[in-house]
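Reviewing the structure listed below.
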Amino acid sequence: MSVETAARAKAAPSVDLSVWLPRIEAVVIPVAALLTGLATFSVFLLLLGKSPAEYFSLVYKAAFGTAFSWQNTLSRVPPLLFAGLCVALPARLGLVVIGGEGAIALGGLAAAVTGVWLASVIAGPIGLIGMALAGAMVGGLWIGLVGTMRIKRGVNETIASLLMAYIAIALMNHLVEGVFRDPSSLNKPSTAPLPETLRVGDMPIGIDVHWGLGFGVIACILCWVLVDRTTLGFAARIAGDNIRAAQVQGLPVAKLVIGFTALGGAMAGLAGFFEVAAIHGSANASLVVGYGYTGILVAFLARHNPLVIIPVAVLLAGFEASSGLIQRRMDLPDATILVMQGFVFVTLLLSETLYGRLKIFHPELWAPER
Numbered sequence: 000m001s002v003e004t005a006a007r008a009k010a011a012p013s014v015d016l017s018v019w020l021p022r023i024e025a026v027v028i029p030v031a032a033l034l035t036g037l038a039t040f041s042v043f044l045l046l047l048g049k050s051p052a053e054y055f056s057l058v059y060k061a062a063f064g065t066a067f068s069w070q071n072t073l074s075r076v077p078p079l080l081f082a083g084l085c086v087a088l089p090a091r092l093g094l095v096v097i098g099g100e101g102a103i104a105l106g107g108l109a110a111a112v113t114g115v116w117l118a119s120v121i122a123g124p125i126g127l128i129g130m131a132l133a134g135a136m137v138g139g140l141w142i143g144l145v146g147t148m149r150i151k152r153g154v155n156e157t158i159a160s161l162l163m164a165y166i167a168i169a170l171m172n173h174l175v176e177g178v179f180r181d182p183s184s185l186n187k188p189s190t191a192p193l194p195e196t197l198r199v200g201d202m203p204i205g206i207d208v209h210w211g212l213g214f215g216v217i218a219c220i221l222c223w224v225l226v227d228r229t230t231l232g233f234a235a236r237i238a239g240d241n242i243r244a245a246q247v248q249g250l251p252v253a254k255l256v257i258g259f260t261a262l263g264g265a266m267a268g269l270a271g272f273f274e275v276a277a278i279h280g281s282a283n284a285s286l287v288v289g290y291g292y293t294g295i296l297v298a299f300l301a302r303h304n305p306l307v308i309i310p311v312a313v314l315l316a317g318f319e320a321s322s323g324l325i326q327r328r329m330d331l332p333d334a335t336i337l338v339m340q341g342f343v344f345v346t347l348l349l350s351e352t353l354y355g356r357l358k359i360f361h362p363e364l365w366a367p368e369r
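Position one of the sequence shown corresponds to residue 0 (numbering that gives the first Met the number 0), numbered consecutively onward.
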């Protein structure tokens with residue numbers, strides 16, 4: 000080797016393992032947890048006398064096998080994107096908020112009622128913006144109350160958000176079946192139907208998927224910029240790591256907690272808006288189908304990273320889209336998909352104990368104890 004070659008080799012930058020290994024860990028552990036959960040579920044299928052290979056083959060075929068499958072899957076993605084953000088944003092402050100289902104229900108109701116009111120006044124894009132703002136504001140206020148109770152009274156945000164979800168769903172049902180009920184909705188109580196001028200159309204991508212998908216992806220990107228590329232997001236991460244240290248440094252912890260929970264609730268409220276304006280055309284019991292609870296799994300599997308929420312939401316939407324085919328072909332209830340998600344969620348929670356303990360990802364653990 001010449002002197003010049005040796006100098007170039009010496010000057011070449013070396014790979015900083017201390018930077019890359021934690022990033023690899025953040026990918027490997029959730030993926031391993033997902034595969035472990037699916038493997039455990041396979042044992043469950045074997046105990047039922049069913050073939051795991053046939054099951055997962057049907058899941059793939061129903062979720063991603065054809066253009067129609069992709070359409071069915073992608074149509075379920077938008078509410079999961081927004082519901083995942085409802086969990087992921089407060090999680091940056093160390094908060095576990097699981098009440099997105101209630102914010103979706105109330106946000107959808109607020110959007111529907113606003114749309115009916117605006118129908119005789121204004122329509123088109125401005126009317127849709129008004130509906131979206133109404134849904135986001137109601138969702139933000141509802142989940143923002145969780146952050147307020149956490150700061151002002153020390154109420155556990157997990158329990159508070161779950162209980163408020165039950166209250167929100169009951170309140171939505173009461174209003175839909177009462178003061179806001181359309182008299183013509185006999186079998187299924189609903190609000191008055193929205194006019195076509197206040198409906199969200201499909202994206203021009205070759206398959207019938209409404210604009211909620213595009214806006215959901217944009218929301219994930221903007222939230223990633225907020226939490227990873229701004230001083231506000233940096234302050235939130237500091238508060239999430241050590242709230243007392245953040246207070247000592249003079250950070251506005253109370254405003255951060257209330258603001259991020261309200262922003263998460265606004266995301267869930269937008270999910271309700273798109274469900275009403277693009278899918279149902281009115282607010283009714285169909286708003287409560289479990290998207291808020293699936294969003295918990297989406298956020299945890301994505302490690303609360305808004306960008307990773309996008310592929311994870313597509314994967315779980317594919318799981319849900321396959322329930323009908325599984326029921327017909329394998330004579331299994333459609334709730335089997337929920338059982339599979341439960342296995343994945345449990346293994347994912349267990350995998351949280353592995354972070355920072357695996358020597359392969361943390362060279363500082365290789366040194367023998369003295």
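Glycine included, C-beta positions come from ideal geometry on N, C-alpha and C.
Top-ranked residue by Cα proximity to residue i, from the options
i: THR293; options: LEU353, GLY83, PHE214, LEU306; result: GLY83
i: ALA159; options: GLU274, GLY323, ILE97; result: ILE97
i: PHE81; options: ALA32, ASN304, PRO362; result: ASN304
i: TYR377; options: PHE318, LEU357, SER350, ILE359; result: Nothing about residue 377 can be reported from this structure: the residues present for the chain run from 0 to 369 only.
i: ALA261; options: ALA62, ALA87, GLY280, PHE40; result: ALA87
i: ALA284; options: LEU357, GLY36, ARG180, ILE204; result: ARG180
i: ALA316; options: LEU73, PHE43, THR229; result: LEU73
i: MET163; options: CYS222, ARG198, GLY99; result: GLY99
i: MET329; options: VAL27, GLY177, LEU47, LEU37; result: LEU47
i: LEU212; options: ARG75, LEU44, THR39, VAL30; result: ARG75
i: LEU170; options: ALA282, ARG228, VAL226, ILE206; result: ALA282
Beta carbon of residue i nearer than 9 Å to that of residue j
i: VAL247; j: LEU296; result: no
i: GLY268; j: PRO77; result: no
i: GLY264; j: TRP141; result: yes
i: VAL256; j: LEU144; result: no
i: GLU274; j: ILE103; result: yes
i: MET266; j: CYS85; result: yes
i: GLY106; j: ALA135; result: yes
i: ALA118; j: LEU193; result: yes
i: PRO251; j: GLU156; result: no
i: GLU321; j: ILE309; result: Looking at the sequence itself, residue 321 is Ser, so the reference to Glu does not match. Contact: no.
i: ILE220; j: LEU314; result: no
i: GLY101; j: GLY291; result: yes
i: PHE272; j: PRO21; result: no
i: LYS60; j: SER50; result: no
i: LEU348; j: LEU57; result: no
Where residue i sits in the DSSP three-state scheme
i: SER322; result: helix
i: ASP201; result: strand
i: HIS361; result: coil
i: HIS209; result: strand
i: SER350; result: helix
i: ASP227; result: helix
i: ALA167; result: helix
i: ALA133; result: helix
i: ALA261; result: helix
i: GLN248; result: coil
i: SER183; result: coil
i: ARG370; result: Nothing about residue 370 can be read from this structure; the chain reaches only from 0 to 369.
i: ARG356; result: coil
i: LEU269; result: helix
i: GLY153; result: coil
i: ALA301; result: coil
i: PRO310; result: helix
i: ASN241; result: coil
i: SER372; result: Nothing about residue 372 can be reported from this structure: the residues present for the chain run from 0 to 369 only.
i: ILE220; result: helix
i: LEU127; result: helix
i: GLY101; result: helix
i: VAL288; result: coil
i: ALA10; result: Note that ALA10 scores 49 on pLDDT, short of 50, meaning its location in the model is unreliable; the coordinates nonetheless yield the value given after this. Three-state DSSP puts ALA10 in a helix.
Those residues which DSSP pairs with residue i across a bridge
i: ASN283; result: SER189
Test: residue i CB closer than 9 Å to a CB of chain D
i: PHE273; result: Absent from the structure is chain D; it holds one protein chain and no more.
Kindly provide the ranges of any alpha helix (DSSP H) runs that are 4 or more residues long and lie completely inside the segment 13 to 83, ordered along the chain. Within the segment 13 to 83, the runs of alpha helix (DSSP H) at least 4 residues long that lie entirely inside it are, in chain order, 16 to 46, 51 to 63, 66 to 73.
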